[in-house]
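Everything below concerns the one structure shown next.
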Amino acid sequence: MHADARRARGPLQDVDLVLARQLRERPAAADRIPAVGQSPHRTLIEPFDLLYETDLPTFDLPREVEHIYGRLGFPNRVIYSNFVSSVDGVVTLGSNPSAGSVISGRNQADRFLMGLLRAFADAVLLGAGTLRATPGHHWTPEHMYPDLASSFAQLRSDLGRKPRPRLVLLTSSGEVAVSHPAVAAGATIVTTSSGAANVKGRLPDSCDVIELGERGPVDLRRAVDELRERGHEVILTEGGPHVMGDLIQRDLLDEAFLTISPVVAGRDRDPRLGMVAGAEFLPSKGLWTRLLSARRHGDFLFLRYGMKKL
């Protein structure tokens, strides 16, 4: 796509025509992106192709970041999610750790976007189970795309953010992997009184605890209120399908970023969840979303949806 066309906006019905033309015209070699660790001398990825975009808030981004993605922005107060899904709708792989990396094939464009979305966030929200499933991970922009660490740091500084987003862990039981390096770097544990008693004395000084209720599931609405009292207005959730279901049921989720990986995962005996679990909306009342933007990079699609209220 010509550089001058990257910011163009068009009706949704034009997306298929634009995509078909780009699939014919784009050289196959441009889509071959090496995995992390494959080469110590990686170059920055090619720009995304913009297929469709509505009028959205935009901020000035560091030059290299905007060259790759285009413009991006968020309202002053927002909760947004980020998932990667197979073509057949799978986002988890049973007990397999780091399912997202497997489903995406460690695609560099997906990792870039994960880093960019983290760079905007005051806090990254996830369940303690997600923490346990990804040992060694850090929920920071530079962990996902280290080649642009300085650009992500510049963006956070320009936005008035702290150097790294605050990691927020949801756990009703207080079962937290306290030796995880992301916890050692600092995290907010949102739990119940019984969960707080369980974790008391085991957390590093870099962590703090929010107690909500005596026992049972954590009240996400109260949790979000507490986080905003602490100045976390822009919240990214990477919390898994059950956290996603709870956020949607409580009308807390504003936007959803969804990467469609060109892989078929399949299902057999092990549970393989879709993007939402623990909540059903159809056939009684579906939650209809609004497409805000669509981008393409190689055979991957990068979609952004606005979540309407139930």
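So in the numbering used here, spot 62 of the sequence shown is number 43, and the numbers just go up one at a time. C-beta: ideal position from N, C-alpha, C; glycine also.
Using C-beta distances below 8 angstroms, list every residue in its chain close to residue i, excluding the 5 sequence neighbours before and after it, in chain order.
i, result
"A90", "I14, I26, F29, H278, G279, F281 and F283"
"G255", "S66, G70, V71, V72 and P222"
"R2", "Confidence in R2 is poor, its pLDDT being 45 and thus under 50, which makes the residue's placement unreliable; the coordinate value appears in the next sentence. The answer is none, since no qualifying residue turns up."
"E207", "V171, I191 and L193"
"L74", "A80, V83, I84, A246, D251 and R253"
"T270", "A237, Y286, G287, M288 and K289"
"S242", "V65, S66, S67, V68, I84, S85, G86, N88, D91 and F281"
"R209", "R58"
"W120", "R99, V105, L107, P146, L148, A163 and E219"
Thinking C-beta only, is residue j closer than 8 angstroms to residue i?
i, j, result
"L88", "E219", "The sequence given here places Asn at residue 88; Leu does not occur at that position. Contact flag unset, no."
"E156", "N179", "yes"
"V319", "R250", "Nothing can be reported for residue 319, as the shown portion of the chain is limited to -18 through 291."
"V65", "E236", "no"
"E47", "L129", "no"
"G54", "L31", "no"
"L228", "L201", "yes"
"D139", "G212", "no"
"A163", "L98", "no"
"V159", "R183", "yes"
Taking the alpha helix (DSSP H) that residue i falls in, what are its first and last residues?
i, result
"G287", "No alpha helix (DSSP H) contains G287, which is instead part of the beta strand (DSSP E) from F281 to M288."
"D227", "G221 to Q230"
"T111", "A109 to A114"
"E47", "R44 to Y50"
"D206", "L201 to E210"
"H124", "P122 to M125"
"G96", "Q89 to F101"
"S310", "One cannot answer for residue 310 here, as it falls past the ends of the chain, which runs -18 to 291."
"R137", "A130 to D139"
"V257", "Per DSSP, V257 belongs to no alpha helix (DSSP H) and is neither H nor E."
"A165", "P162 to A165"
Please classify residue i as buried or exposed, where buried requires at least 16 other C-beta atoms within 10 Å of its C-beta.
i, result
"A204", "buried"
"S274", "buried"
"T35", "exposed"
"G141", "exposed"
"L292", "This structure cannot speak to residue 292, because the chain is shown only from -18 to 291."
"F40", "exposed"
"L148", "buried"
"S76", "exposed"
"P116", "exposed"
"R92", "buried"
"R248", "exposed"
"P198", "exposed"
"P146", "buried"
"D(-5)", "Note on D(-5): pLDDT 45, under 50, position unreliable in the model; no value is reported."
How far does the beta strand (DSSP E) with residue i in it reach, from first residue to last?
i, result
"S187", "Careful: S187 lies outside any beta strand (DSSP E) and carries neither H nor E."
"F238", "E236 to I241"
"I60", "V59 to S66"
"H298", "Residue 298 lies beyond the range of the chain shown here (-18 to 291); nothing can be said about it."
"A168", "A168 to T172"
"D30", "D30 to E34"
"L151", "R147 to L151"
"V215", "V215 to T218"
Residues in its own chain within less than 7 angstroms of residue i by CB, not counting five upstream and five downstream?
i, result
"G176", "T152, S153, S154 and G155"
"A100", "P122, F133, L136 and R137"
"M95", "N63 and M125"
"Y285", "In the sequence as presented, Tyr is not what sits at residue 285; that position holds Arg. Closer than 7 angstroms at the Cβ level, and outside the excluded window around R285, lie E236, F238, L273 and S274."
"D232", "K290 and L291"
"P371", "Residue numbering for the chain in the displayed model covers -18 to 291; residue 371 lies beyond these limits and cannot be assessed."
"R276", "F29, D30, L31, L32 and F283"
"Q230", "A260"
"H161", "L112 and P116"
Can you find the residues in the same chain that come closer than 6 angstroms, C-beta to C-beta, to residue i, ignoring five residues on each side of it along the sequence?
i, result
"V68", "V245"
"P185", "A165"
"D189", "T169"
"G259", "H223 and G226"
"S174", "E192 and E195"
May I ask you to check if the CB of residue i is nearer than 7 angstroms to at least one heavy atom of the ligand NAD?
i, result
"L136", "With respect to the ligand NAD, the structure shown offers nothing to examine, as it has no ligands at all."
Is there contact here, the stretch 108 to 123 with the stretch 215 to 233, by at least three beta-carbon pairs under 8 angstroms? yes
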